[in-house]
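In what follows, a structure is listed as structure tokens, so that the remarks can point back to it.
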Amino acid sequence: MRVQSLDLANFRNYAALHFSPPGGVCVFIGDNAQGKSNLLEALSLLATGKSFRAARESDLIRAGTPLARVAARVGTKNGDVTASCLITRVGEGARKRFVRNGRTVAYAQFLGGIAAVTFMPSDLALVSGPPALRRRFLNAALSQADRTYYRDHAAYTKIVVQKNALLKAASGVERALLSTYNQQLAAVGSQLLCARARYVQRLSLSAAEVHARWVGATPGFSIRYAPSPALPAGDASPGAALAALERALEAALPAELVRKSALVGPHRDDVEFLLAGEPLGRFGSQGQQRTAVLAVKSAEYALLAAASGEPPLLLLDDVLSELDATRQRTFMSSIADCEQVFVTATEAPDAPTLGGAHVYEIVDGRVEASAHAKTG
Amino acid sequence: MDHLAPPLTALISELEKLPTIGPKTAARLAFYLLSASKEDAEALSRAILDLKSKVRFCSRCFSLTEGDPCSICSDPRRDASLLCVVAEAKDVYAIERTMSYRGRYHVLGGLISPIEGIGIAQLKIAELTERVRKDGVAEAIIATNPNAEGESTALYLARLLAPLGVKVTRLAYGLPIGGDLDYADEVTLTRALEGRRSL
């Protein structure tokens, strides 16, 4: 998958941009707040339909303007795809509209047209941060690869919201309705559970392989899915998941009535990153955690490539800054063969590290071919 | 609009309050009514007034009606053993247009949604069980929308009605007639596959 052109209008600090990136590795260099990450954010928006960092989507619209537009033409194995997202200011917030190949489509239809894997410094919290971060990672990765998963997850979340509202209802809890919600949660939740179990298993294998290549086979890296509820003997078949979830929902009923909140189900899942069987979040050094996250991200890339049948875009925000010169070189050579990679950095790495990468300087919302750039 | 006659601006601003009507359409409608015959204008205003004064809820099915019980509930040719449960009165209208349903209706007045404060008590659910118990209903067809709230409500009603010895069915999921397979979303297509029938 390869971006042939990217057009921005009033997106973040870009008033207007037309950029035709080459294949291979593109490095964006520039001082802080010039708009390097905004380029990655725009590409990621077209893949996931969401910003990877904006707390409020109205922040995506350039100050003083009513409407932002992000559009790209992407070459895929099924031919060229044009995708765009329009973000309109509505009161304090914003509304998004998605267009694919000239036709307005719903968010669920937009997802999965362009595949991208993003890595940014805040991803390091994936190992030691709260479980919600790891669930968000699973949901984002699975939604891109599997549209049914996205639908199931959206449906599940809606029912959890209704169930929580019912548990908090001042007029008392209608038990038959609670059982109805539990029946629905068990049915959809077990689908999520199975999909997550399958995904984590494959992610673990792939990440372990990458990890071993970088730092040796021991201590071995693995990822363990910790579903809510735990599955007896780790059996993640649809039947076993459904039975376990039904039992757990039944058992949790008294506690849920007291705490007025839905206490079991995939919305309480976690994922553990282990080094030699020990949880990295508690025992790992900063360096070990960093390596683990990079291994997980490259596994995500490999799995998404396998699911969509072609390599996704790779968006790397500020990954070089914390690496020494040797590791920078190793890292750059490890991504050199990807179909298309976008990397941001505050300073240009030296020429041997850059290898065949194309370098662009980002200055105040403009993209200029850099003196570091190789010709062609 | 200061230059327009006040009765005209008054009508335009009333029309603008209607759903899907913007300022331009409102002005166009107002000027049309001005040029229409007096009889047409009176018929329209009378229709609007009658709507407010004469339409009420049927005491049996809670659909909208002029006389009580409504024409469907009081029609002896309607099959009383067949009861179609819908969320809103406009759904009755939708099913009636098919001309292929000969049973009766029950309008819930909404769908269960605790987040919006709509629980069992806010809907005509007690009245539904009462009817099923007393009116000799053999089959209850749950025709709520196939969205999250519609599904929850349907499942809840099935749970509620099953012990009363009534057959509870749900409208089929499937493809729109005259539609294209490749425009259908995955979930609809999956449901349509699951609900396939032999030819």
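Just so you know, the sequences run in chain order A and B. Position in the first sequence (first residue = 1) + 2 = my numbering. Position in the second sequence (first residue = 1) + 30 = my numbering. Where a beta carbon is used, it is the ideal one built from N, C-alpha and C, also for glycine.
What's the gap between the Cα of residue i and the Cα of residue j?
i              : j              : result
E146 (chain B) : A167 (chain A) : 9 Å
D320 (chain A) : D33 (chain A)  : 12 Å
P1 (chain A)   : Y16 (chain A)  : Nothing about residue 1 (chain A) can be reported from this structure: the residues present for chain A run from 3 to 378 only.
P37 (chain B)  : E126 (chain B) : 39 Å
P314 (chain A) : V298 (chain A) : 15 Å
T377 (chain A) : S335 (chain A) : Interpretation of T377 (chain A) is limited by its pLDDT of 42, a score under 50 that renders its predicted location unreliable; the figure taken from the coordinates is listed afterwards. About 19 Å.
L158 (chain B) : H136 (chain B) : 7 Å
A77 (chain B)  : L41 (chain A)  : 58 Å
A40 (chain B)  : T90 (chain A)  : 33 Å
A134 (chain A) : A353 (chain A) : 40 Å
L205 (chain B) : S228 (chain B) : 16 Å
L128 (chain A) : K262 (chain A) : 29 Å
Q290 (chain A) : L282 (chain A) : 8 Å
I142 (chain B) : G149 (chain B) : 5 Å
C114 (chain B) : P106 (chain B) : 16 Å
Y362 (chain A) : Q342 (chain A) : 15 Å
A35 (chain A)  : T120 (chain A) : 19 Å
L8 (chain A)   : N141 (chain A) : 26 Å
Smallest Cα separation from residue i: which of the options?
i              : options                        : result
A110 (chain A) : B:V217, B:G225, B:E118, B:T50  : B:V217
V192 (chain A) : A:A156, A:S208, A:G241, A:R331 : The amino acid at residue 192 (chain A) is misidentified as Val; the sequence shows Ser. Ranking the options by Cα distance to S192 (chain A), first place goes to A:G241.
A178 (chain B) : A:D154, A:A147, A:T150         : A:D154
G25 (chain A)  : A:L277, A:G236, A:S173, A:G358 : A:G358
A278 (chain A) : A:E252, A:S181, A:E94, A:A219  : A:A219
A197 (chain A) : A:Q164, A:S287, A:S208, A:Y152 : A:Y152
E349 (chain A) : A:E94, A:Q330, A:C340, A:E258  : A:Q330
K164 (chain B) : B:A202, B:L48, B:P49, B:A110   : B:A110
G131 (chain A) : A:S372, A:S22, A:R55, A:F275   : A:F275
Tell me, which residues are paired with residue i by DSSP?
i              : result
R163 (chain B) : R163 (chain B) pairs with nothing; no bridge assigned.
T84 (chain A)  : A:R75
E169 (chain B) : B:L112, B:K197
C28 (chain A)  : A:F344, A:H360
V137 (chain B) : B:V116
P49 (chain B)  : P49 (chain B) is not bridged to any residue.
R102 (chain A) : A:A85, A:R105
P176 (chain B) : Partner(s): none; P176 (chain B) has no beta bridge.
D387 (chain A) : Residue 387 (chain A) lies beyond the range of chain A shown here (3 to 378); nothing can be said about it.
Would residue i and residue j qualify as a contact pair, given that the criterion is a beta-carbon distance under 8 Å?
i              : j              : result
A238 (chain A) : L195 (chain A) : yes
T78 (chain A)  : G104 (chain A) : no
R64 (chain A)  : F30 (chain A)  : no
L27 (chain A)  : I337 (chain A) : Note that residue 27 (chain A) is Val in the sequence shown, not Leu. Yes, they are a contact pair.
T346 (chain A) : K38 (chain A)  : yes
L88 (chain A)  : R99 (chain A)  : yes
L19 (chain A)  : V295 (chain A) : no
I76 (chain A)  : A44 (chain A)  : Residue identity check: residue 76 (chain A) is Val in the sequence provided, not Ile. In this structure, A44 (chain A) does not lie closer than 8 Å to V76 (chain A) by Cβ.
L126 (chain A) : R284 (chain A) : no
S181 (chain A) : A151 (chain B) : no
S46 (chain A)  : A147 (chain A) : no
P231 (chain A) : V266 (chain A) : yes
L79 (chain B)  : V85 (chain B)  : no
V190 (chain A) : A143 (chain A) : no
A304 (chain A) : S206 (chain A) : no
D98 (chain B)  : C88 (chain B)  : yes
Are three or more beta carbon pairs between the stretch 211-227 of chain A and the stretch 174-186 of chain A nearer than 8 Å? No, they do not touch.
Contact between the stretch 185-199 of chain B and the stretch 158-174 of chain B (3+ Cβ pairs under 8 Å): Contact between the stretch 185-199 of chain B and the stretch 158-174 of chain B is present: 3 or more CB-CB pairs across the two stretches fall below 8 Å.
Tell me whether the stretch 310-330 of chain A and the stretch 223-230 of chain A touch, counting them as touching only if at least three CB pairs, one residue from each stretch, are closer than 8 Å. Per the Cβ contact rule, the stretch 310-330 of chain A is not in contact with the stretch 223-230 of chain A (fewer than 3 Cβ pairs under 8 Å).
Contact the stretch 182-196 of chain B vs the stretch 114-128 of chain A: 3+ CB pairs below 8 Å: No, they do not touch.
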